[in-house]
Amino acid sequence: MNAPLVPLSDSFPATRLALHRVAAYIVSPARRHAMGRMGLRAAPGGLVTPTFAGPEGMTTVGVAGVDLVVHSDAGHRHQRLSTLAAAGSFVGIAPDVAWASNLDIPAPGPLDADLGIDADDAAALAAWFGFGWGILDALSSDGDSAHASEPQLWPEHFDPAIEIGDPAGTTRASFGFSPGDVAADATAGPEPLPYLYVAPWYPDAKRSSDFWSAGRMAVLRYSDLVTEADPRAAAHAFLLEGRSLLAG
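For the sequence shown, the tail end lands on 294 under the numbering used here, and the numbers increase by one without skipping.
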């Protein structure tokens with residue numbers, strides 16, 4: 047999961063949206079139907095569920111590049127992603143449209159519509175997830191990250207993230223790597239391209255600073271990060287600054 051960050055193509059948002067839909071309507075529900083948990087993990091080539099007990103034994107379901115992948119006690123199989131309907135049939139579940147409608151997830155669109163996933167864009171997204179996951183994993187195990195959670199790739203917002211700070215106080219915040227915002231109607235959100243963020247749970251209680259470039263939160267955009275001589279060091283420093291400001 048150490049692929050370099052690269053400039054993004056104009057088609058990236060469309061591929062990101064398609065893979066968001068696959069994660070939210072197919073991959074995450076495969077695990078949630080079996081054990082009631084929806085969190086995912088970054089993985090080489092994309093994303094994956096933690097192992098769960100499924101109809102074929104111990105199972106993972108994920109995306110690697112442009113393929114949907116199922117690994118279980120029954121064996122390993124993969125299929126090129128084409129439509130949500132075909133993805134559901136391959137995994138053995140119907141796209142979970144009803145559940146997702148209650149969350150901030152882009153609408154699925156026609157289930158038999160071609161997802162149109164570009165291989166280079168999928169690789170760029172996987173690189174972003176892997177880049178963020180490694181940094182968040184190190185930050186969550188840092189002794190100065192009070193009450194840190196473990197990294198999760200949340201299917202509703204489609205971002206690897208952790209939380210740091212006292213859950214009973216006003217210093218807790220989310221630290222994450224968004225692949226870009228998208229609204230429930232599948233139109234572009236306020237930040238359509240990837241960005242790194244620190245989002246206080248109690249923004250009115252945070253210390254005043256120019257760091258909070260987005261008002262109630264702080265954002266470091268992909269376009270700025272990719273030009274850094276050492277993007278990993280820059281991203282880590284950004285998160286540490288947010289942690290320090292929130293800790294007081």
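Just so it is clear, CB atoms sit at the ideal spot from N, CA and C, and this is done for glycine as well.
Problem - Span of the beta strand (DSSP E) around D256 - result: Along the sequence shown, read from residue 1 onward, the residue named residue 256 stands at position 210. No beta strand (DSSP E) contains D256, which DSSP labels as neither H nor E.
Handout entry: Distance between L239 and G294 (C-alpha atoms, nearest Å)
Key = Against the sequence shown, residue 294 aligns to sequence position 248. Against the sequence shown, residue 239 aligns to sequence position 193. The alpha-carbon atoms of G294 and L239 are separated by roughly 31 Å.
Problem - Where the beta strand (DSSP E) through A264 begins and ends - result: In the sequence shown, residue 264 corresponds to position 218, counting from 1. Its beta strand (DSSP E) spans residues A264 to R267.
Exercise for the section: Specify the secondary structure class of F177 as computed by DSSP and reduced to three states. Expected result: Locating residue 177 in the sequence shown gives position 131, where the first residue counts as 1. Reduced to three states, the DSSP call for F177 is helix.
Practice task
Assign H66 to one of two classes, buried (16 or more other C-beta atoms within 10 Å of its C-beta) or exposed (fewer than that).
Solution key: Within the sequence shown, numbered from 1, the residue matching residue 66 stands at position 20. Buried is the call here.
Practice task
Using alpha carbons as the reference points, say which of S191, T217, G235 and P277 lies closest to L286.
Solution key: On the sequence shown, position 240 is the one that residue 286 refers to. Of S191, T217, G235 and P277, the residue nearest in Cα terms is S191.
Handout entry: R83 - DSSP class collapsed to helix/strand/coil
Key = By 1-based counting over the sequence shown, the position of residue 83 is 37. Residue state, collapsed to three classes: coil.
Problem - Endpoints, the beta strand (DSSP E) within which E209 is located - result: Position 163 of the sequence shown, counting from 1, holds the residue named residue 209. Taken as a continuous stretch (DSSP letters only), the beta strand (DSSP E) holding E209 covers D205 to I210.
Practice task
Sort T273, G288 and A153 by Cα distance to F221 and report the nearest one.
Solution key: Here the question's residue 221 lines up with position 175 in the sequence shown. Answer by Cα proximity: G288.
Exercise for the section: Specify the secondary structure class of A89 as computed by DSSP and reduced to three states. Expected result: Stepping through the sequence shown from its first residue, residue 89 is reached at position 43. Three-state DSSP puts A89 in a strand.
Practice task
Could you tell me which residues DSSP puts in a beta bridge with A234?
Solution key: Along the sequence shown, read from residue 1 onward, the residue named residue 234 stands at position 188. Answer is V228, bridged to A234.
Problem - Local conformation of G288 per DSSP, three classes - result: For this step, residue 288 is matched to residue 242 along the sequence shown. Helix.
Practice task
Could you pull the start and end residues of the beta strand (DSSP E) that P59 belongs to?
Solution key: The count along the sequence shown starts at 1 and reaches residue 59 at position 13. Note, P59: premise wrong, no beta strand (DSSP E); alpha helix (DSSP H) at F58 to V68.
Practice task
Would you give the residue range spanned by the beta strand (DSSP E) that S118 belongs to?
Solution key: Position 72 of the sequence shown, counted from the first residue, corresponds to residue 118. Run containing S118: D113 to S118, per the beta strand (DSSP E) assignment.
Practice task
Report yes or no: do three or more beta-carbon pairs, one from the segment 216–231 and one from the segment 239–254, lie closer than 8 Å?
Solution key: yes
Exercise for the section: State the DSSP-derived secondary structure class of S220, mapped to helix, strand or coil. Expected result: The sequence position of residue 220 within the sequence shown is 174, counting from 1. Here S220 sits in strand by DSSP.
Exercise for the section: Determine the DSSP secondary structure at L161, reduced to helix, strand or coil. Expected result: Residue mapping note: residue 161 aligns to position 115 of the sequence shown, counting from 1. DSSP places L161 in coil when its eight states are reduced to three.
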